[in-house]
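Since the structure comes first, as structure tokens, the remarks are kept for the end.
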């Protein structure tokens, strides 16, 4: 697993990853730009001639959308009513902001204080964000359930399956 | 001992403000000292306030009559600090741990020290912990260490025939029963990470850490802040103060600008400023530049590239 920070850095490296995809299957996951119209157009612009084993997947809008797509578990983890979790997270403009705003309504103090940024912090997320999100993904999140509410996740999973099978 | 930056009075001044309970007044402790002609330190001022109340203000009448008294603080004397015992206790709870791996491997190097911040008696400290707590903590530490050292399957404290404590780790191996190694064979990174994980769970007062990133892989370093914040959840939270040169440590998106202090050395001494006092830092961050990159560029030495031609 190769992690690089930030969309700009990733885009510069795409041709490098594509080069490696001549030898091994690569699945690259990237957030959609806030102002790009659609995922397919972005894919063809970034990699017009992808290698055989390359799969460039766009997580529509952001990965937080995929997390909320398991409404039951995210609602329980955040200690909020499940009905408050958006039903089509792929349609959200800013899933990260939505998630943080949901956390403001949490019944649990550690969720509120951990996910919501302090006023003077100058950040978009709270101090315990990384730890709480990792805990959620490892212990609560169900990708197959989430895939039924998120088309972009479903397509990414199918893409991975096809890479694995070939 | 003196302040090199001062022009006239090279006194050292230490001022600490302590807020122990959220809705109670703040304590403030100030100590100003210098050295006399024989090079021995003496107190020029020692003041303690609790909110608006002054609990102590030295030199007092007795100090002026008997100046030898100014070679000792009231803070360090149990019968003199009664009015502000909370402050003394608070300072007593502060912990500093900076494991020097060689000292754990060869404890003879730091003979006789207790509470050694560099790790000379680290194993003794683990051994001295109540057994149930010790075992539980070592179990959790092993589980956490598994991230960085996947072959480490067990971790326990034992004593040899001389009574000297040793940390034994069992490594997964082609040998069906694994291979036990003791701390002498642990890598620097393993020992430092172990020390870090032990220290964050030991005690409840403020914890001071110097460059926790040393000897660790960047991928491990980037999750240290998240590890701290998960420890600090709830009522058992403690203040953790960290000095660092690591961009990886600053990658966590939850680190607030009000939590980062930037140290800029200059001719007049080092200036310490909170990161949120720099308008350009805020602007760069809002523009999508990672905090780690912004702070690193702000603090980097101006002509580091000169190092490259040292050999010429």
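Chains as they are written, first to last, in the working numbering: chain A, 6 to 171; chain B, 5 to 316.
A virtual CB, placed ideally from N, CA and C, is assigned to each residue, including glycine.
Asked                                                                                                                                                       : Found
Using a Cβ-Cβ cut-off of 8 Å, state whether residue 128(A) counts as contacting chain B.                                                                    : yes
Is the distance from the Cβ of residue 289(B) to the Cβ of residue 276(B) below 8 Å?                                                                        : no
Do you know whose CA, among 165(B), 145(B) and 57(B), lies nearest residue 154(B)'s CA?                                                                     : 145(B)
Does residue 262(B) have its Cβ less than 8 Å from a Cβ in chain A?                                                                                         : yes
Does the beta carbon of residue 109(A) come closer than 8 Å to any beta carbon on chain B?                                                                  : no
If you check the beta carbons only, do residue 2(B) and residue 23(B) fall under 8 Å apart?                                                                 : Summary: the structure shown does not reach residue 2(B), with chain B confined to residues 5 through 316, and so no result is reported for it.
Which same chain residues end up closer than 7 Å to residue 203(B) when comparing Cβ atoms and leaving out the 5 residues on each side of it in sequence?   : 99, 101 and 211
What residues from chain A crowd round residue 291(B), counting only those whose CB sits closer than 7 Å?                                                   : Under the 7 Å cutoff, chain A gives no residues; its nearest Cβ is about 11 Å from residue 291(B).
From what residue to what residue does the beta strand (DSSP E) around residue 245(B) run?                                                                  : 244-247
On a Cα-Cα basis, can you pick out the residue from 39(B), 55(B), 47(B) and 45(B) that is closest to residue 27(B)?                                         : 55(B)
Going by the beta-carbon positions, is the gap between residue 218(B) and residue 148(B) smaller than 8 Å?                                                  : no
Using CA coordinates, which residue listed in 45(B), 110(B), 131(B) and 62(B) is at the minimum distance from residue 122(B)?                               : 110(B)
For residue 135(A), go through chain B and note every residue whose CB falls closer than 8 Å to its CB, in chain order.                                     : 227, 229, 230, 233, 256, 257 and 258
Please list, in chain order, the chain A residues whose beta carbon lies closer than 9 Å to that of residue 280(B).                                         : 125, 126 and 127
What in chain B is Cβ-close to residue 115(A), meaning under 8 Å?                                                                                           : 237 and 238
Name the one or two DSSP bridge partners that residue 31(B) has.                                                                                            : 22(B) and 54(B)
Which residue or residues does DSSP assign as beta-bridge partners of residue 62(A)?                                                                        : 34(A)
Can you list, in chain order, the residues of its chain whose CB lies under 7 Å from that of residue 25(A), leaving out five sequence neighbours each side? : 31
Run through chain A and tell me which residues come within less than 7 Å of residue 286(B), C-beta to C-beta.                                               : 127
Taking only three categories from DSSP, how would you classify residue 175(B)?                                                                              : strand
Answer yes or no: does any C-beta atom of chain B fall closer than 8 Å to that of residue 139(A)?                                                           : yes
Over the uninterrupted alpha helix (DSSP H) stretch that includes residue 148(A), give me the two end residues.                                             : 148-152
What residues of chain C sit near residue 131(A), judged by a beta carbon separation below 8 Å?                                                             : Considering every chain present, this structure includes no chain C. Its protein chains are A and B.
By how many angstroms is the C-alpha of residue 105(A) removed from the C-alpha of residue 120(A)?                                                          : 6 Å
In the DSSP assignment, what residue or residues form a beta bridge with residue 163(B)?                                                                    : 169(B)
Pick from 111(A), 16(A) and 150(A): whose alpha carbon is nearest that of residue 71(A)?                                                                    : 150(A)
Do residue 110(A) and residue 130(A) have their CB atoms nearer than 8 Å?                                                                                   : no
How would you write the range of the beta strand (DSSP E) that residue 211(B) sits in, first residue to last?                                               : 211-214
Take residue 238(B) as the anchor and find which of 84(A), 154(A) and 117(A) has the nearest alpha-carbon.                                                  : 117(A)
Would you call the region 84-91 of chain B and the region 180-193 of chain B in contact, with 3 or more CB pairs under 8 Å?                                 : no
When the cut-off is 8 Å and only beta carbons count, does residue 119(A) lie next to chain B?                                                               : yes
Between the Cα of residue 260(B) and those of 137(A), 170(A), 96(A) and 123(A), spot the shortest distance and give me the residue it belongs to.           : 123(A)
In whole angstroms, what separates the C-alpha of residue 39(B) from that of residue 60(B)?                                                                 : 22 Å
Quick one: what's residue 185(B) bridged to in DSSP?                                                                                                        : 173(B)
Between which two residues does the alpha helix (DSSP H) containing residue 288(B) stretch?                                                                 : 283-290
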